[in-house]
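Below is one structure, written out as structure tokens, with a few remarks after it.
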Amino acid sequence: MTDAQNHGAARPAAGGDLDVAALQTRLARFAAARDWQPFHTPKNLATALSVEAAELVEIFQWLTPEQSARVMDDPESAHRVRDEVADVLAYLLQLCEVLGVDALAALAAKIDRNETRFPVPGAPEKGIRHSPES
């Protein structure tokens, strides 16, 4: 497989819309080209996800709340944050692919449950969803 074939699936211009399924396909092709599938078990992917999340946390570990709010102002720190966010997302998407979880549907369902579990304070009825416009 050529580089163009391997990477062409999800490469819109910066800031363009990305497709989760296309990114998952691209990650799967990347792993397949390197014969990594035997290592991409749910346990290994979840462990790798945890390690990458810890690396993201490490960037903020000793910062004050004010410093952490400005972390993206420093080009080197911003680059590290983007890299670790990408690593976390890559492992999460690979885990979802292996387990057959639709990440966006799972997130939407979780938000729905949280809107019911944690109603807006002072709402007339428990569990009523409120949009920013209401």
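First residue of the sequence shown? That's 71 in the working numbering, and the numbers climb one at a time after it.
Glycine residues also receive a C-beta, built at the ideal position from the N, C-alpha and C atoms.
Positions of the alpha helix (DSSP H) runs, each at least 4 residues long and wholly inside the segment 159 to 199, are given as 173 to 187 in order along the chain. Residue environment for Leu119: buried (at least 16 other C-beta atoms within 10 angstroms of its C-beta).
The beta-carbon separation of Val90 and Ala156, rounded to 14 Å, does not stay under the 8 Å limit for a contact. Around the beta carbon of Val158, a 10 Å sphere encloses 16 or more other beta carbons of the protein chains shown; the residue is thus reported as buried.
Scanning its chain for C-beta atoms nearer than 7 Å, with the 5 sequence neighbours on each side dropped, one finds around Val168 the residues His110, Pro112, Leu115, in chain order. Residue environment: Leu97 is assigned as buried (16 or more neighbouring CB atoms within 10 Å of its CB, all protein chains considered). Fully contained in the segment 119 to 146 are the following alpha helix (DSSP H) runs of length 4 or more, in chain order: 135 to 139. Taking 7 Å as the cut-off, the beta carbon of Glu154 is found closer than this to the beta carbon of Glu125.
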